[in-house]
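Since the structure comes first, as structure tokens, the remarks are kept for the end.
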Amino acid sequence: MAAHGPLTPARIVFDANGRPQAPDFGDAYHARIGATAQAQAVFLAGNGLPHRWRGRAEFTIAENGFGLGQNFLATWAAWHDDPQRCTRLHYVGVEGHPARGADLARALATSPFPALAQALVAVWPPLLAGWHALDFDGGRIRLLLAFGDAARAWREVHLRADALYLDGFAPDRNPAMWSPELLQAMARRAAPGATAATWSVARPVREGLRSAGFRVEIGPPVGDKRETLRAVFDPPATMHRAPPVTPPGEVLVLGAGLAGAWAAHELAAAGCRVRVLDRHAAPAQEASGNAGGLFHGVVMADDGAHARTLRAAALHAARVLPGWIGRGVPGAAEGLLRLAGAGEDVAALQALIDRHALPGGYVQALDAAAASARAGVAVTQTAWWYPGGGWIAPGALAARLLANIPFDGGMAVARIDHIDGRWALFDTDGRRLATADTLVLANAADAAHLAPWAGWPMGRSRGQVSLWRRVPADAPRPRVPLAGRGYLLDLGDGGLLTGATAQPGDTDAAARVTDHDFNRARLEALCGWRAPPPDGGRVGWRAQVPDRLPVVGAVPAMNAPDATRLDRVVRAPGLFVLGALGSRGLTWGPLAGRLLASQVCGTPWPLEASLAQAWDPARWRVRAARQAPNRLGG
Ligand SMILES: Cc1cc2nc3c(=O)[nH]c(=O)nc-3n(C[C@H](O)[C@H](O)[C@H](O)COP(=O)(O)OP(=O)(O)OC[C@H]3O[C@@H](n4cnc5c(N)ncnc54)[C@H](O)[C@@H]3O)c2cc1C
Numbered sequence: 304m305a306a307h308g309p310l311t312p313a314r315i316v317f318d319a320n321g322r323p324q325a326p327d328f329g330d331a332y333h334a335r336i337g338a339t340a341q342a343q344a345v346f347l348a349g350n351g352l353p354h355r356w357r358g359r360a361e362f363t364i365a366e367n368g369f370g371l372g373q374n375f376l377a378t379w380a381a382w383h384d385d386p387q388r389c390t391r392l393h394y395v396g397v398e399g400h401p402a403r404g405a406d407l408a409r410a411l412a413t414s415p416f417p418a419l420a421q422a423l424v425a426v427w428p429p430l431l432a433g434w435h436a437l438d439f440d441g442g443r444i445r446l447l448l449a450f451g452d453a454a455r456a457w458r459e460v461h462l463r464a465d466a467l468y469l470d471g472f473a474p475d476r477n478p479a480m481w482s483p484e485l486l487q488a489m490a491r492r493a494a495p496g497a498t499a500a501t502w503s504v505a506r507p508v509r510e511g512l513r514s515a516g517f518r519v520e521i522g523p524p525v526g527d528k529r530e531t532l533r534a535v536f537d538p539p540a541t542m543h544r545a546p547p548v549t550p551p552g553e554v555l556v557l558g559a560g561l562a563g564a565w566a567a568h569e570l571a572a573a574g575c576r577v578r579v580l581d582r583h584a585a586p587a588q589e590a591s592g593n594a595g596g597l598f599h600g601v602v603m604a605d606d607g608a609h610a611r612t613l614r615a616a617a618l619h620a621a622r623v624l625p626g627w628i629g630r631g632v633p634g635a636a637e638g639l640l641r642l643a644g645a646g647e648d649v650a651a652l653q654a655l656i657d658r659h660a661l662p663g664g665y666v667q668a669l670d671a672a673a674a675s676a677r678a679g680v681a682v683t684q685t686a687w688w689y690p691g692g693g694w695i696a697p698g699a700l701a702a703r704l705l706a707n708i709p710f711d712g713g714m715a716v717a718r719i720d721h722i723d724g725r726w727a728l729f730d731t732d733g734r735r736l737a738t739a740d741t742l743v744l745a746n747a748a749d750a751a752h753l754a755p756w757a758g759w760p761m762g763r764s765r766g767q768v769s770l771w772r773r774v775p776a777d778a779p780r781p782r783v784p785l786a787g788r789g790y791l792l793d794l795g796d797g798g799l800l801t802g803a804t805a806q807p808g809d810t811d812a813a814a815r816v817t818d819h820d821f822n823r824a825r826l827e828a829l830c831g832w833r834a835p836p837p838d839g840g841r842v843g844w845r846a847q848v849p850d851r852l853p854v855v856g857a858v859p860a861m862n863a864p865d866a867t868r869l870d871r872v873v874r875a876p877g878l879f880v881l882g883a884l885g886s887r888g889l890t891w892g893p894l895a896g897r898l899l900a901s902q903v904c905g906t907p908w909p910l911e912a913s914l915a916q917a918w919d920p921a922r923w924r925v926r927a928a929r930q931a932p933n934r935l936g937g
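Sequence positions in the sequence shown follow this note's numbering and run 304 to 937.
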């Protein structure tokens, strides 16, 4: 899995007329006729828009060279003004050198679409390589920013484009954005009949598009360009094409904890009819039922799949969870402090931040004094400050996510079977509880029992939290959640919460005094508070796999042979899983739900393909095949 290099933000110079220039490429950000006129004439008209998206449920546009987002804004405005617009517009913007937020705001200050421009500026992500999924217009406009080197981004992006905008800087100054390999990579992600448009008629562009399977035509003049270019994807029959994904009508989600709630919410937002089943009468009665839990990023010495997927998930959670807090779910998204290990000085923390080029919008290193000032509580260690972190009540969140989704409680599923092309769910007496074309297993560790052939090494780790409702006067009240070994959380309603123990394999459901004592001892080490015994507590079980990553995606087929590559593992038709959220369900959940829905519905994935592979439910099949003494083919 090739890692992204650190991002180099765009160097933007504004000329005397306020027009943004890119001195590193000797080019302007847009033509003299203006960014919006160019977007409308070259990219929208060149791709037959808005006409082509009319009457469609989904339409996907992918742009190479997102720049300052002017084409996106013009497209969004055209969609907004079109009474026959598609239900959801997916817009994927690949950008190797994204603008700093301040530059973006300045460049878009004169946009003819001020409300849309402000909305984009308001959610512009920290400049981190990777994918950033942004929603507008109630989630009907879905912008996926793919920040990073274009060649790598096009290998990693998972989508099926209906229209392509080719808007790199001039081919003679930025040839990498127009290389034959890049155009081939775009073609592999184009739907049959997809169109492409650009203002460049340079020969390498025309030839590159032709050899990638496009029919190329010269388009009308636009501004000072005497010609423009339009193309239609019409590949030879011999070119390998991945079959399209047909979105399912109805989806059944088993499990109403955070995993099931995010899966159901995202599937419903993607246009599916969803029903949720659980053995309890109400959602979030098991692991997801605590009064509060933390969400935040991490910094790891090894910036591998775990660190990068958790960062992607934390950034997504930081975008999404405040909206739910704003709608009444208890919580606060005002940052989180994570104390470093004893003896780790601020220079060591900063060195790690610098090594991975992590921006301050994601994480900062604080000395003990600065950390104490943030927390409003004296701490003695250096700390990581996560501005996008916070806490939220998982049970209330799950209930809100499921508020408009049909829910059937009291359904304890003992077995599933694929009968006549549909998934049937049975109870312990063999009674059929439900049937569905598409089933999502979101029932934590029990998913491994229902699909034993998948070979998930799912374990359960008991955890106990301690809760004070009657809080002594000497108790600290941190302004933001304070974490380290254990955590302290002000629930905002007078209560304080701390946790949590981690006891793999322990099945005791009763809250234990010894575990409360353990939590109290860690609390004292964290912030010096010698807490009295708590007046409440709760026990739950985290479902986790040994690599501590979620399990998200299509389940391997029952009798599928192991294969040495994930894309060669045969999948069970219509069977998906979202689970193994371990001790980070609040952070993983939103991105995991979005990824699952995109896999079920065939919309752009919110995560790089190689990172999604790290979550693939078939990864143990591949590991087994690779370790087999006589390696299997495939
Ligand atoms: C003590 C403790 C503290 C934690 N603190 C944090 C924290 O601070 N931050 C954080 O991000 N995460 C935290 N976590 C982890 C987080 O709670 C989990 O990652 C998350 O709740 C998992 O959600 P889930 O939906 O996968 O599982 P669950 O919430 O357990 O949901 C699974 C659902 O499936 C149902 N189900 C299972 N089997 C069947 C079946 N056969 N038939 C019908 N229904 C079935 C269950 O009834 C349940 O409702 C903590 C966990 C614990 C235990």
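Beta carbons: idealized from backbone N, C-alpha and C, even for Gly. Remember, predicted model here, so these are calculated numbers, not experimental data.
- For T549, the closest alpha carbon among the candidates C904, G358, G840 is that of C904.
- Around F369, the same chain offers G396, E398 as residues with beta carbons nearer than 6 Å, after the five sequence neighbours per side are excluded.
- As the crow flies, the alpha-carbon of A863 is around 9 Å from that of W756.
- In the three-state reduction of the DSSP assignment, R614 falls in the helix class, which pools H, G and I.
- Non-local C-beta neighbours of A584 in its own chain, meaning closer than 8 Å and more than five positions away in sequence, comprise G712, G713, ordered along the chain.
- A distance of 8 Å or more separates the beta carbons of V783 and W687.
- At a cut-off of 7 Å, the beta-carbon of M714 counts as near ligand 1: some heavy atom of the ligand is closer than that.
- Where A497 is concerned, there is no enclosing alpha helix (DSSP H), although the beta strand (DSSP E) around it starts and stops at 493-501.
- In this structure, the CA atom of R735 is about 33 Å from the CA atom of V925.
- Residue ranges of uninterrupted beta strand (DSSP E) with 3 or more members, entirely inside the segment 456-481 and ordered along the chain, are 464-469.
- DSSP, reduced to helix, strand and coil, places W427 outside both helices and strands of the structure shown, so it counts as coil.
- Bounds of the alpha helix (DSSP H) holding L898 are 888-904.
- Pairing L462 with T501 gives a Cβ-Cβ distance that is not under 8 Å.
- In the DSSP secondary-structure assignment, R929 is not bridged to any residue.
- Shown here, P551 sits in coil according to DSSP, grouped into three states, outside any helix or strand.
- Under DSSP, N367 takes part in a beta bridge, and its partners are V397, L469.
- Between L407 and H609, the alpha-carbon positions lie close to 31 Å from each other.
- Within the segment 600-686, the complete alpha helix (DSSP H) segments of 4 residues or longer fall at 608-629, 649-658, 671-678, listed in chain order.
- Relative to ligand 1, even the nearest heavy atom lies 7 Å or more away from the CB of R788.
- Each of L431, A405, G433 was checked against the Cα of A420, and the nearest Cα belongs to A405.
- Judged by DSSP secondary structure, G691 falls outside any beta strand (DSSP E); it is assigned neither H nor E.
- Distances from the CA of Y332 to each of P633, L411, A676 were compared; the closest alpha carbon is that of L411.
- Cβ neighbours of A912 within its own chain (closer than 6 Å, five residues either side excluded): E459, H461.
- For the set A505, L392, P909, D865, the Cα lying nearest the Cα of S482 is the one of A505.
- Between A786 and R641 a beta carbon distance of about 5 Å is seen, short of the 8 Å cut, so the two are scored as contacting.
- If you ignore the 5 residues before and after P690, its C-beta comes within less than 7 Å of the C-beta of G638, G664, all in its own chain and listed in chain order.
- Unbroken alpha helix (DSSP H) runs of no fewer than 4 residues, entirely contained in the segment 522-581, are found at 561-572, following chain order.
- DSSP, reduced to helix, strand and coil, places F416 outside both helices and strands of the structure shown, so it counts as coil.
- Annotation for W756: no alpha helix (DSSP H) segment contains it, and DSSP assigns it neither H nor E.
- With a cutoff of 7 Å, T890 counts as near ligand 1, since its C-beta is closer than that to a heavy atom of the ligand.
- Within the same chain, and ignoring the five residues on either side of G885 in sequence, the residues whose Cβ sits closer than 6 Å to its Cβ are R845, Q847, R851.
- In this structure, ligand 1 has a non-hydrogen atom nearer than 7 Å to the beta-carbon of L580.
- Residue pairing by DSSP places F517 opposite F536 in a beta bridge.
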